[in-house]
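Step one of this worksheet: look at the structure below.
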Amino acid sequence: MTEEIKETVLQPLTTKEAKAKSNALIAYGLMAFGSVIIITWFIGAIWAMVKKSEAAGTRFEDHYKNIIQLFWYSLVLIIIGFVTSLFVIGYFILLATWVWIIFRLVKGFARILTDQSYS
217 MTEEIKETVL
227 QPLTTKEAKA
237 KSNALIAYGL
247 MAFGSVIIIT
257 WFIGAIWAMV
267 KKSEAAGTRF
277 EDHYKNIIQL
287 FWYSLVLIII
297 GFVTSLFVIG
307 YFILLATWVW
317 IIFRLVKGFA
327 RILTDQSYS
């Protein structure tokens with residue numbers, strides 16, 4: 217029994233897709249740098265929110281959705297973690313949130329650098 221390996225042949229990027237990719241990479245980079253300088257986390261999220269409409273209809277559109285969701289969910293989880301850090305559970309929430317953020321950022325970088333959608 218032989219297995220067929222299906223290779224996904226990606227079309228060359230259009231100008232619109234190239235701009236969408238560049239803007240998403242900027243947002244990912246700013247958010248990744250946000251672990252060092254917190255303000256860049258917010259700037260990256262705002263950048264994605266502003267540039268999202270320019271990526272409509274491209275293969276990179278869902279990267280913007282990922283970045284924006286990552287920002288809002290992690291912001292809520294970090295606030296919950298800080299509030300509950302008076303109890304031990306808050307530290308576990310903060311650690312789990314940090315791991316989840318790193319996972320989503322790395323996955324996003326890996327997918328966008330290979331010209332693939334996030335999902």
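Residues 217 to 335 (our numbering) make up the sequence shown, in order.
For every residue, glycine included, the Cβ atom is placed at its ideal position computed from N, Cα and C.
Owing to the predicted nature of the structure, the values given are computational and were not obtained by experimental measurement.
Note to self: What would DSSP say about R275, mapped onto helix, strand or coil?
What the structure shows: Here R275 sits in coil by DSSP.
Check: Of all the options A236, Q285 and A272, which has the alpha carbon lying nearest to the alpha carbon of L321?
Finding: Q285
Notebook entry, point to check: Should F303 be labelled buried (16 or more other beta-carbon atoms within 10 Å of its own) or exposed?
Noted result: exposed
Notebook entry, point to check: Rounded to the nearest angstrom, how far is the Cβ of A236 from that of F276, given a contact under 8 angstroms?
Noted result: That pair is a contact at about 4 angstroms.
Check: How would you write the range of the alpha helix (DSSP H) that G260 sits in, first residue to last?
Finding: I254 to K267
Check: How about the region 322-331 and the region 266-274: do they share at least three Cβ pairs that are nearer than 8 angstroms?
Finding: no
Checklist line | Residue interval of the alpha helix (DSSP H) (run including L329) | finding: From DSSP, the alpha helix (DSSP H) with L329 extends over I305 to L329.
Next item on the list: Determine the direct distance from the alpha carbon of F308 to that of T300, and round the result to whole angstroms.
Entry: For T300 and F308, the gap between their C-alpha atoms comes out near 10 angstroms.
Notebook entry, point to check: What is the rounded straight-line gap between the Cα of E233 and the Cα of L246?
Noted result: 20 angstroms
Checklist line | Extent of the continuous alpha helix (DSSP H) to which T231 belongs | finding: Annotation for T231: the continuous alpha helix (DSSP H) segment containing it runs T231 to F249.
Checklist line | Presumed contact (8 angstroms Cβ cut-off) between I294 and W263, rounded CB distance | finding: Between W263 and I294 the Cβ distance is about 20 angstroms, and since that is not below 8 angstroms, they are no contact.
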